[in-house]
Amino acid sequence: MTDTSEQDPSGLLLLPEAEVSPDFDISQVLSVMETFLVMAVRESKTLVLHDTQGECGSNLHSLFWTIQGSLLSWCFCQLKGEDPMSKLKARELFVKYVDLFLTNTKTILEPLLNECSGKMIIEKLNNSVFAMSTRQLMTYMLEFCALDIPHCLLLQSFSNLTKLMKKLCGDPGESANKIEMESWNQVQQPVVIQTWNMESPHNYENNCRDTTVFLCPGATYFEVEFDDKCETEKRYDYLEFTDARGGKVRYDHKVGTDKWPKKVTFKAGPQLQFLFFSDSSNNEWGFKFTVTAFGLPDIALSWSSDLQILVARLMGRLASRSMAMKSSCELGPVADLPSAKITSVVSSPLWKSVFSNQVYMETKANLQEQGCFETKNSHADDCRNFLLDFANSDPTQDFCGPNSELFKGLVQAIKKQLAKNDLVAGSAVDQAVNCTFAALVYLTPQLYGKLQRYVISSTYPSTHTKVSLGITHLYAPSIQHTTTNQKAVNLEHDHNI
């Protein structure tokens with residue numbers, strides 16, 4: 008391999024710097040990337056089967072990192088731009104490269120898993136080009152999820168990767184991850200992450216308004232240790248510290264007193280702000296102190312564990328964007344889905360527990376079977392509108408629409424069935440629960456029919472019907488699904504922080 012250590016290898020891809028023309032051939036770029044992927048496959052097999060790195064070594068590692076980073080960065084910038092042709096070409100190139108990468112991942116892992124244990128493969132590939140490039144790709148893709156890419160298509164592609172990873176990592180009790188998981192449960196002692204030294208002129212000047220922000224991602228608390236000579240004009244000149252939660256503490260006069268201790272701990276990280284204020288007259292020696300940021304040590308992760316976390320986060324984001332139907336490039340014009348495809352989705356392990364009675368097909372034949380269809384004067388729209396109003400209503404306000412009495416009756420019946428919920432609370436969560444509940448009722452034939460009879464009773468008082476127990480009992484699973492999702496969001500947020 009030619010030595011490119013003194014050159015920028017990104018030029019090998021020949022990516023256009025200006026707007027992309029319609030005749031830009033992405034196959035040439037893919038051909039270059041395929042060459043590097045073939046070398047990565049060869050290196051991985053050599054590392055595992057022959058316990059040697061081969062002839063490429065570190066050159067391939069740094070070169071692949073640069074080339075793949077350049078490709079993904081270029082695609083990202085084009086997709087964020089305004090030029091339609093640039094977006095189209097970048098999206099096509101990105102999707103095809105991801106597919107090419109996953110194909111080569113399968114080429115690497117499947118033969119090795121047939122010959123070696125997952126534990127051995129993980130250990131041998133720890134510093135490989137494959138391990139590095141996979142983590143780099145996953146990290147970039149987490150950012151791509153916010154752009155207009157075919158989320159559903161990519162989600163399907165990565166579902167095949169999860170099967171290989173499951174086989175690679177195997178049972179936690181028998182894999183290399185067991186030691187990692189045991190270390191996670193051990194009490195971690197804080198370590199020093201960063202240190203700053205601060206000192207004023209001696210004596211300090213009048214009319215000072217000096218501000219410094221100590222920012223340290225990962226820090227859980229700060230310690231400030233003052234020099235014994237620290238002194239300011241009493242009451243009028245002071246040092247002020249503001250922690251990440253907005254708590255403020257001021258110190259003035261002399262250090263070493265109850266009001267100005269020699270060492271102070273601020274337990275809110277990862278930021279601490281310092282302000283020194285002096286008025287227009289009188290000054291003293293000033294200040295001198297050291298700020299130390301403490302945090303928990305990084306947990307050692309093998310590349311396989313790190314990859315599992317990245318893929319789990321990626322698939323979660325892809326699924327979220329797919330369900331929100333954010334991809335205009337993928338959806339295009341709205342088309343009717345065939346019933347076979349709907350049945351396949353609803354019967355899948357992911358949705359079967361939610362749609363336990365299968366999807367409610369709002370057709371004339373099905374409504375007639377349920378006894379809820381009137382040929383000349385259907386109440387299906389009334390029931391559907393009632394559910395929409397219920398889902399969109401503000402839980403903190405009394406509903407004052409035409410169905411206010413129906414709302415009141417439904418809410419009262421539901422509250423009788425509610426159990427205490429300590430997971431999450433608030434009007435936003437209540438509304439999310441109402442939306443989930445409305446969707447479940449709408450898509451469950453038996454319950455939808457019962458709700459129709461309840462709604463009809465408002466029009467014909469003589470046929471007054473109470474809220475079915477089946478409907479009220481469904482509200483508890485709605486809470487469970489919603490609060491579980493909210494808890495997962497909170498956990499991901501904490502993990503990102």
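Numbering (the working numbering), first residue to last: 8 to 504. C-beta atoms are modelled at their ideal positions from N, C-alpha and C, and glycine is treated no differently.
One thing to note: TRP203 has its Cβ no nearer than 8 Å to the Cβ of MET139. The three-state reading of DSSP puts ASP106 in helix, counting H, G and I together. Annotated three-state conformation of GLU26 is coil, per DSSP. Taking C-beta atoms under 8 Å as the contact rule, VAL448 and LEU394 qualify, at a distance of about 6 Å.
Each of GLU122, PHE444, PRO208 was checked against the Cα of TRP292, and the nearest Cα belongs to PRO208. Looking at the DSSP output, ASN204 shares a beta bridge with THR297. In the structure shown, ASP396 falls within a helical segment according to DSSP collapsed to helix, strand and coil. Straight across, the Cα-Cα distance linking ILE316 with SER334 is about 24 Å.
Sequence-distant Cβ neighbours of PRO157 in its own chain, meaning closer than 7 Å and more than five residues away, are VAL102, SER334, CYS336, GLU337.
DSSP places LYS174 inside the alpha helix (DSSP H), whose first and last residues are 158 to 176. With respect to the 8 Å criterion, VAL55 and ASN111 are not classified as neighbours on the basis of their beta carbons.
Judged by their CB atoms, PHE151 and LYS96 are not nearer to each other than the 8 Å cut-off. Every unbroken stretch of the beta strand (DSSP E) spanning 3 or more residues and falling wholly within the stretch 258 to 289 is given here in chain order: 270 to 273, 278 to 284. With contacts defined by Cβ atoms closer than 8 Å, TYR104 and LEU37 form a contacting pair. ASP235 sits away from PHE296, with the two beta carbons spaced by 8 Å or more. Only exposed fits GLN196, as fewer than 16 other CB atoms lie within 10 angstroms of its CB. DSSP places LEU246 in the uninterrupted beta strand (DSSP E) bounded by 245 to 250. Burial check for ASP244: the Cβ neighbour count within 10 Å reaches 16 or more, so the residue is buried. The distance from the Cβ of PRO277 to that of LEU222 is about 7 Å, consistent with a contact at the 8 Å cut-off. Apart from the 5 residues on each side of it in sequence, LYS261 sits with its Cβ closer than 6 Å to the Cβ of GLU238 in its chain, given in chain order. Within 10 angstroms of the beta-carbon of LYS94 lie 16 or more other beta-carbons, which makes it buried. Burial check for HIS57: the Cβ neighbour count within 10 Å stays below 16, so the residue is exposed. Three or more beta-carbon pairs separated by less than 8 Å link the stretch 159 to 173 to the stretch 318 to 330, which places the two stretches in contact. Pairing LEU246 with PHE301 gives a Cβ-Cβ distance that is not under 8 Å. Secondary structure note for THR218: its beta strand (DSSP E) is the uninterrupted segment 216 to 222.
Around the CB of SER351, fewer than 16 other CB atoms lie within 10 Å, so the residue is classed as exposed.
Between SER51 and LEU132, the beta carbon gap of about 6 Å places them in contact (Cβ cut-off 8 Å). Here the C-alpha atom of ILE200 lies approximately 16 Å from the C-alpha atom of VAL220. LYS236 sits in coil when the DSSP states are folded into three classes, being neither helix nor strand. Counting the other CB atoms within 10 Å of its CB gives ALA226 a total of 16 or more, which places it among the buried residues. The beta carbons of LEU120 and LEU168 sit about 13 Å from each other, so the pair does not count as a contact at 8 Å. Taking C-beta atoms under 8 Å as the contact rule, THR299 and GLU230 qualify, at a distance of about 5 Å. A residue is called buried when at least 16 other Cβ atoms come within 10 angstroms of its Cβ; LEU21 does not meet this threshold and is exposed.
By the Cβ-count criterion, PRO224 is exposed, with fewer than 16 other Cβ atoms from all chains shown falling within 10 Å of its own Cβ. Closest by C-alpha distance to LYS457, out of CYS390, ASP396, SER28, is CYS390.
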